[in-house]
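A short worksheet on the structure shown next.
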Amino acid sequence: SLNSWRSQIGFVSQDSSIMAGTIRDNLTYGLKKEFSDERLWEVLQLAYADKFVDNMPKKLDTQVGERGVKVSGGQRQRLAIARAFLRNPKILMLDEATASLDSESEAMVQRALEQLMKNRTTLVIAHRLSTIVDADKIYFIEHGEVTGSGTHQELLKSHELYAEYVCEQ
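All residue numbers in the sequence shown are consecutive under my numbering, ending with 175.
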C-alpha cells in the first residue's frame, strides 16, 4: 500500500523545520510508536545532537520553535537527522541537506549523515560535490535530463561539464 511504501522512506531537506513543541515532539513527529528516553538519546548521539540538547533547560522536554528556545540551522539539521535515525527507513532521501550550513555545522552534519546512510539506499540531491564524491553512482542532470552517470572518477574522465564543476569547486 501507499502508506507502507511511505513509511519506508526518510527525508532530510535543506531547510528542515522545527515545529513549536518539545524536542521529544519534534523527534517523534509523525511516528505512531512510543520511544523510550534511552532510544531518543541514542539517536541524538548518532546525529551529534546530544550535547546541545543536554545543555537545554529541560533537555528532551525543552520547548523549541516559535515560543521556545531558538535552535541554529545546524542544530535543526541534526534534529532532522536524529528523526530519520528514529524512523530507520530503508530508503533515505537527502535534498541539499548540508547546503545552508556554516563549515563547523556542515562537518558535524556530514558525519551524522555518513552514519545514517550506512546499509540503506540513499538518494542525494546536491550541488556541493564534496557531498557526493564517495557515492556508488552519480547522475549528472542538465536542464532536467540525465547527461552522465558513473562514479566520481568515471565522470571526471567522461563528462566535460562534471569535470568543470569539480575544477570550480
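Glycine included, each C-beta is placed from N, C-alpha and C at the ideal position.
Buried versus exposed, by CB contacts within 10 Å (16 or more), residue i
i: Arg184; result: Residue numbering for the chain in the displayed model covers 7 to 175; residue 184 lies beyond these limits and cannot be assessed.
i: Ile147; result: exposed
i: His165; result: buried
Beta carbon of residue i nearer than 9 Å to that of residue j
i: Gly16; j: Ile97; result: yes
i: Val115; j: Gly80; result: yes
i: Val59; j: Ile29; result: yes
i: Arg126; j: Tyr54; result: no
Per-residue DSSP class, three states only, for residue i
i: Met99; result: strand
i: Gly80; result: helix
i: Gln69; result: strand
i: Leu129; result: strand
i: Thr157; result: coil
i: Ile138; result: coil
Per DSSP, cross-strand counterpart(s) of residue i
i: Ile24; result: Partner(s): none; Ile24 has no beta bridge.
i: Phe41; result: Answer is none; Phe41 lacks a bridge partner.
i: Ile144; result: Gly156
Residue i CB to nearest heavy atom of the ligand HEM below 8 Å
i: Ala132; result: Absence of the ligand HEM from the depicted structure is noted, as is the absence of any ligand whatsoever, leaving it without description.
Own chain residues within Cβ distance below 8 Å of residue i, not counting five before or after
i: Gln14; result: Pro95, Lys96, Ile97
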